[in-house]
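Engineer:
Residue numbers (the working numbering): 304 to 417.
Here's what the structure looks like:
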């Protein structure tokens with residue numbers, strides 16, 4: 304599976320930090336790429352992480368449905384060091400490597416693509 308896109312609430316681009324989160328966005332994205340996910344009956348899937356700190360966010364915190372399995376639920380994604388909430392939407396699809404995106408219009412929702 305390959306990570307197709309991620310949308311993190313309050314984040315406009317990957318070269319930034321998130322208040323109350325120890326890791327910067329680039330590090331969070333790299334950690335997300337290390338999550339092993341099996342989707343059995345579909346070609347793509349959307350997931351959500353919503354966690355309020357202080358706490359550690361792991362792959363086991365990804366909200367999955369139906370035919371989806373997180374293979375490494377203890378995999379570290381981020382550390383929330385304050386009472387802030389970290390919310391993100393993740394899209395994955397079958398394939399390997401980096402997924403390339405078409406250019407988006409200025410009015411499109413801000414997502415961080417790979």
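Ideal Cβ positions, reconstructed from N, Cα and C, are used throughout, including at glycine.
1) According to DSSP, which residues form a beta bridge with residue 372?
2) Since residue 336 is in the beta strand (DSSP E), which residue starts that stretch and which ends it?
3) Of the residues 341, 346 and 313, which one's Cα is nearest the Cα of residue 362?
4) Taking buried to mean at least 16 other C-beta atoms within 10 Å of its own C-beta, is residue 328 buried or exposed?
5) Using DSSP with H/G/I as helix, E/B as strand and the rest coil, what is residue 364?
6) So if DSSP puts residue 385 in a beta bridge, which residue, or which two residues, is it bridged to?
7) At a threshold of 7 angstroms, does residue 349 count as lining the ligand COA (C-beta to nearest heavy atom)?
8) Which residues does DSSP pair with residue 395 in a beta bridge?
9) In this structure, how does DSSP classify residue 407 when only helix, strand and coil are distinguished?
10) Who pairs with residue 311 in a beta bridge, going by DSSP?
11) Skipping 5 residues on each side, what residues in its chain have a beta carbon closer than 6 angstroms to that of residue 355?
Structural biologist: To lay it out plainly:
1) 341
2) Per DSSP, residue 336 belongs to no beta strand (DSSP E); it is in the alpha helix (DSSP H), 328-336.
3) 341
4) buried
5) helix
6) According to DSSP, residue 385 bridges with nothing at all.
7) Ligands in the displayed structure: none, and consequently the ligand COA is not present.
8) 306 and 348
9) Residue confidence for residue 407 is low, a pLDDT of 49 falling below 50, so the modelled location carries little weight and cannot support an answer.
10) 391
11) 388
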